Structures are given as structure tokens and as C-alpha cells.
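A.B. asks:
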Amino acid sequence: MRIMHLSDLHLGLSIMEQSLIEDQKYILNEIINVIKNKDVEVVMICGDIYDKNVPSVEAVKLFNDFLISLSNLKVKVLVIAGNHDSRDRLIFGSELFKKSDIYIEGIYTGNIKKISFNDEYGKINFFMLPFVKPSEVRKYFGNRDIASYDDMINSIICNEEINTEERNVIMVHQFVISNGVSIVRSDSEVISLGGLDNVDVSNFDSFDYVAMGHIHGPQKLIRNCVRYSGSPLKYSFSEVNQKKSVVVIDFGKKGNVDIELVDLKPIRDMRVIKGPIDKLLDKRVYSLGNVDDYISVILTDNDYVVDAIGKLRGVYKNVLRVSYDNIRSNGTDFISDSFDSNVKLKGELELFSDFYKLQNNIDMDNERFSIISNIIDDLNDK
34 MRIMHLSDLH
44 LGLSIMEQSL
54 IEDQKYILNE
64 IINVIKNKDV
74 EVVMICGDIY
84 DKNVPSVEAV
94 KLFNDFLISL
104 SNLKVKVLVI
114 AGNHDSRDRL
124 IFGSELFKKS
134 DIYIEGIYTG
144 NIKKISFNDE
154 YGKINFFMLP
164 FVKPSEVRKY
174 FGNRDIASYD
184 DMINSIICNE
194 EINTEERNVI
204 MVHQFVISNG
214 VSIVRSDSEV
224 ISLGGLDNVD
234 VSNFDSFDYV
244 AMGHIHGPQK
254 LIRNCVRYSG
264 SPLKYSFSEV
274 NQKKSVVVID
284 FGKKGNVDIE
294 LVDLKPIRDM
304 RVIKGPIDKL
314 LDKRVYSLGN
324 VDDYISVILT
334 DNDYVVDAIG
344 KLRGVYKNVL
354 RVSYDNIRSN
364 GTDFISDSFD
374 SNVKLKGELE
384 LFSDFYKLQN
394 NIDMDNERFS
404 IISNIIDDLN
414 DK
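Counting with the numbering used here, you get residues 34 to 415 for the letters of the sequence shown.
1. Ends of the alpha helix (DSSP H) at residue 231?
2. Measuring CB atoms only, is the region 242-253 touching the region 203-213, in the sense that at least three cross pairs come out at less than 8 Å?
3. Inspect the beta-carbon positions of residue 295 and residue 279 and report whether they are closer than 8 Å.
4. If you follow the beta strand (DSSP E) that residue 37 is part of, which residue opens it and which one closes it?
5. Using the C-alpha atoms, what's the distance from residue 119 back to residue 87?
6. State the CB to CB distance for the pair residue 65 and residue 40, rounded to an integer number of angstroms; the pair is presumed to be in contact (CB under 8 Å).
7. Any beta carbon of chain C sitting closer than 8 Å to that of residue 101?
8. With three or more C-beta pairs closer than 8 Å as the rule, is the region 303-323 touching the region 65-74?
9. Quick check for students: name the residue ranges of the alpha helix (DSSP H) that lie wholly in the region 40-82, counting only runs of 4 or more.
10. Using CA coordinates, which residue listed in 53, 390, 385 is at the minimum distance from residue 409?
11. Which same chain residues, not among the five before or five after residue 398, have their C-beta less than 7 Å away from its C-beta?
12. Note the first and the last residue of the continuous alpha helix (DSSP H) segment covering residue 284.
13. Where do the ends of the beta strand (DSSP E) carrying residue 5 lie?
14. With distances taken Cα to Cα, identify the nearest neighbour of residue 212 among 236, 53, 133, 390.
15. Going by alpha carbons, who is nearest to residue 325 out of 302, 277, 190?
16. Tell me the rounded alpha-carbon separation between residue 233 and residue 131.
17. Should residue 175 be labelled buried (16 or more other beta-carbon atoms within 10 Å of its own) or exposed?
18. Using a threshold of 8 Å, state whether the C-beta atoms of residue 170 and residue 140 are closer than that.
19. Taking the alpha carbon of residue 332 as the point to measure from, which residue in 360, 355, 128 has its own alpha carbon closest?
20. Candidates 238, 255, 268: which alpha carbon is nearest residue 249's?
21. Mind checking which residues open and close the beta strand (DSSP E) that includes residue 119?
22. Who are residue 244's beta bridge partners in DSSP?
23. Consult DSSP for residue 397 and reduce its assignment to one of helix, strand or coil.
24. With a 10 Å radius around its C-beta and 16 neighbouring C-beta atoms as the bar for buried, classify residue 229 as buried or exposed.
25. Which residue marks the beginning of the alpha helix (DSSP H) containing residue 96, and which one marks its end?
26. Mapping DSSP to helix, strand and coil, what is residue 141?
27. Taking its Cβ as the centre, do 16 or more other Cβ atoms sit within 10 Å of residue 160, making it buried, or is it exposed?
28. With a CB to CB cut of under 7 Å and the five nearest residues on each side skipped, what residues in its chain are close to residue 293?
29. Using DSSP bridges, identify the partner residues of residue 317.
30. Which of helix, strand or coil does DSSP assign to residue 301?
31. Given 8 Å as the limit, is there contact between the region 84-102 and the region 176-186, that is, 3 or more CB pairs closer than that?
32. Flag this pair as yes or no: are the beta carbons of residue 451 and residue 286 separated by less than 8 Å?
33. To the nearest angstrom, how far is the alpha carbon of residue 256 from that of residue 290?
34. How long is the line joining the alpha carbons of residue 184 and residue 167, rounded to whole angstroms?
Here's what the structure looks like:
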């Protein structure tokens with residue numbers, strides 16, 4: 034059986050007020066093409082279908098169209114809710130969807146929903162565990178101490194009857210980790226302080242494949258069959274170096290699992306560019322990349338550039354952010370004791386000069402010194 038593993042679609046997401054609906058529509062169509070070309074039979078979507086609890090009309094329509102396309106291809110679809118989804122809204126119509134082999138699980142009710150499909154090697158069991166919190170689970174395990182997310186997952190898994198002679202897959206949307214293994218994260222993921230939401234990967238040892246959502250960077254954890262599929266698009270500038278893909282899994286007989294990562298190419302990439310503005314606006318520089326990409330610009334000009342974002346958007350129309358990295362921005366942000374103790378002994382021009390250096394990490398040049406001196410003299414004459 035050939036299966037695709039997806040997660041973290043975040044449909045309806047905007048970055049710095051820039052809607053990504055067009056980009057998401059394009060990438061979902063690319064995923065449909067992969068499904069066709071690879072003859073995928075089952076698609077797992079492991080949470081965060083939408084970016085908000087109350088998704089936009091455009092986001093709902095986009096997911097609706099995606100499901101219709103999958104149904105027309107006779108693909109079986111398994112969907113669990115993530116922490117960004119409204120679990121109650123996500124399961125609307127789920128009983129009707131089953132008739133089209135679309136299974137949506139939004140709420141944990143004491144047991145993990147299990148869906149089974151057969152191929153020439155027998156049965157594959159899919160355990161669908163949506164995002165859940167310890168406070169929501171304790172009522173089902175009154176005799177167990179559930180203080181953490183790890184306790185919660187351990188209790189949930191131990192409560193299930195898992196036939197390890199059969200092939201078993203679990204879908205989860207949690208922060209799954211392993212001691213000693215670094216997780217590639219981005220700043221668009223919300224992780225609890227102190228690791229309160231950590232779930233140890235050993236909880237899933239009984240499963241032949243662990244399909245994880247929540248982390249946007251595609252990566253495996255310990256073994257090849259324990260994976261975050263990652264998001265299909267870059268959703269923050271901390272993800273610019275990530276290579277987005279979908280996971281295609283070939284399940285043979287028990288113990289025989291092949292993994293293929295199929296790269297996804299977006300209609301627009303997300304990039305960070307850096308340099309003085311004159312260089313960045315030079316055709317010899319900007320022609321090296323796609324000027325329609327979503328771009329964060331880091332200017333290295335020491336002087337403030339008037340209407341920098343306007344000038345940059347004359348070439349890079351999707352500039353989303355402009356910042357500076359220069360001698361001024363690298364200055365210290367504290368006032369020394371000597372400055373405080375001598376402040377009453379200094380004149381206005383000297384005080385302003387100190388302030389200027391504190392803010393910009395350089396001394397005022399002669400031109401600025403002359404301008405400020407004249408302003409102070411004019412004010413004192415009034």
C-alpha cells in the first residue's frame with residue numbers, strides 16, 4: 034500500500050498581512066500531482082489543517098476543493114485535528130464523509146479511532162489521535178496520575194489493544210522528542226516553556242510508522258519510520274533554509290517499509306537578502322533570484338534610507354520586512370555609570386553627542402554636529 038504523509042497545511046495563514054491563499058492553492062495542486070504520479074492510495078493529514086480556530090471562507094473552500102480532488106481520485110483520506118484547528122468545526126459532516134472514504138477525527142473520547150485497510154499483505158491499522166491536552170484526558174483515566182503530556186500519551190497508548198503481528202500506523206499532533214536528538218524548529222511553532230508538552234518517542238514503539246504533525250521542518254526522529262512531514266510551505270523567515278517535501282511510504286509485508294521524500298516547489302519562495310540598498314537594487318544582483326519571492330531585507334547602510342521599503346518594492350514587490358545590520362544596530366543598549374555620574378557637568382551639545390553615540394554606536398560627523406549646534410543655539414536665543 035502506498036501512503037502519503039502530510040501535516041501543517043495552515044490554510045488561511047497570512048505572513049505580515051500577506052495572504053498565502055494563492056500559494057497554498059498552488060502547492061495543494063502540486064501535491065495532487067504527486068499523488069497522481071506516485072499512485073498514492075491513502076493520504077494522512079496530521080493536524081493544523083487551518084491556521085485559525087475560525088478559518089476564513091477562502092481557507093474552508095480551499096480544503097473542500099482539496100478533499101473533492103482526492104475523492105475523485107478514489108484516494109482514502111485520514112485527517113486529525115491539530116492545536117490550531119477548531120476540533121468541533123473540523124468534524125462537521127464527518128459521518129457523511131466516511132461514505133467517500135474520508136475519515137476525520139477531531140476529538141479524543143477515551144479510545145483512539147482505528148481505521149483499517151487491506152492490501153495483498155493483509156491489514157494495515159491506522160490509529161488517529163488528534164491533538165489533545167492532559168486536562169481533557171484525565172476524566173478517562175481516573176486512577177492514573179497524568180501530570181504531563183508524556184503521562185497523557187503513555188496512558189492513551191497503554192489503553193489500546195495493539196496487535197503487533199499486524200502493521201500499525203499512528204497519526205499524532207504533539208511535540209514528540211527523543212533525549213539527545215535535536216529537533217529542527219521554527220519561530221512559527223508554539224512550544225511550552227520548560228518542555229511541559231514534550232512527549233517521548235518511546236511511547237510509539239509498537240507502531241510500524243509514526244506520522245507526526247506540529248513541527249514545520251521535515252525530519253525523522255530516531256528511526257526512519259518516525260517522522261514529522263513538515264509544512265508544505267515556508268511559514269516564517271526562520272524556515273528559509275528548510276527543504277519542503279511530502280513523505281511517500283510504501284508498505285510491504287510486516288517490517289518492510291520504504292520512505293521517499295518528494296520535494297515541493299512553491300510558486301514563490303521565501304528568502305532573506307542582505308546588503309546596501311544600492312547593491313540590492315542593482316539588476317546584476319536582483320536578476321539572480323525570483324523578484325516575486327517573499328523577502329526579508331537586511332540593509333547594511335550605515336545611514337537611514339528614506340522610504341527603503343518603497344524603493345525595494347519597486348524591484349522586489351513582495352518585500353515583507355526591512356531591518357538594519359550596521360554599525361548603529363550593533364551598538365550597546367546600556368548607559369554607563371560614568372555617563373550617569375557626569376551628566377550634570379556636561380553642556381547640551383555634549384549631552385546630545387553622547388546620546389547620539391549611544392543610539393548609533395558612532396560619533397556625530399561634523400555636518401550633524403554643526404546642525405545640532407545651530408538648533409541648540411536657536412532654541413537658547415528664544
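A virtual CB, placed ideally from N, CA and C, is assigned to each residue, including glycine. All of these numbers come straight from a predicted model, not from anything done at the bench.
C.D. replies: In this structure, then:
1. Counting along the chain, residue 231 falls outside any alpha helix (DSSP H), though it belongs to the beta strand (DSSP E) covering 231-233.
2. yes
3. yes
4. 35-39
5. 7 Å
6. Rounded, the Cβ-Cβ distance is 17 Å, inconsistent with contact.
7. The chain labelled as chain C is not found in the depicted structure, where only one protein chain is given.
8. no
9. 54-71
10. 385
11. none
12. Careful: residue 284 lies outside any alpha helix (DSSP H), inside the beta strand (DSSP E) at 278-284.
13. Here the chain has residues from 34 to 415 only, and residue 5 is not among them.
14. 236
15. 302
16. 32 Å
17. exposed
18. no
19. 355
20. 268
21. No beta strand (DSSP E) contains residue 119, which DSSP labels as neither H nor E.
22. 204, 260
23. coil
24. exposed
25. 90-105
26. coil
27. buried
28. 281
29. Bridge partners of residue 317: none, in fact.
30. coil
31. no
32. Residue 451 cannot be examined here, being either before or after the span of the chain that is shown, 34 to 415.
33. 12 Å
34. 8 Å
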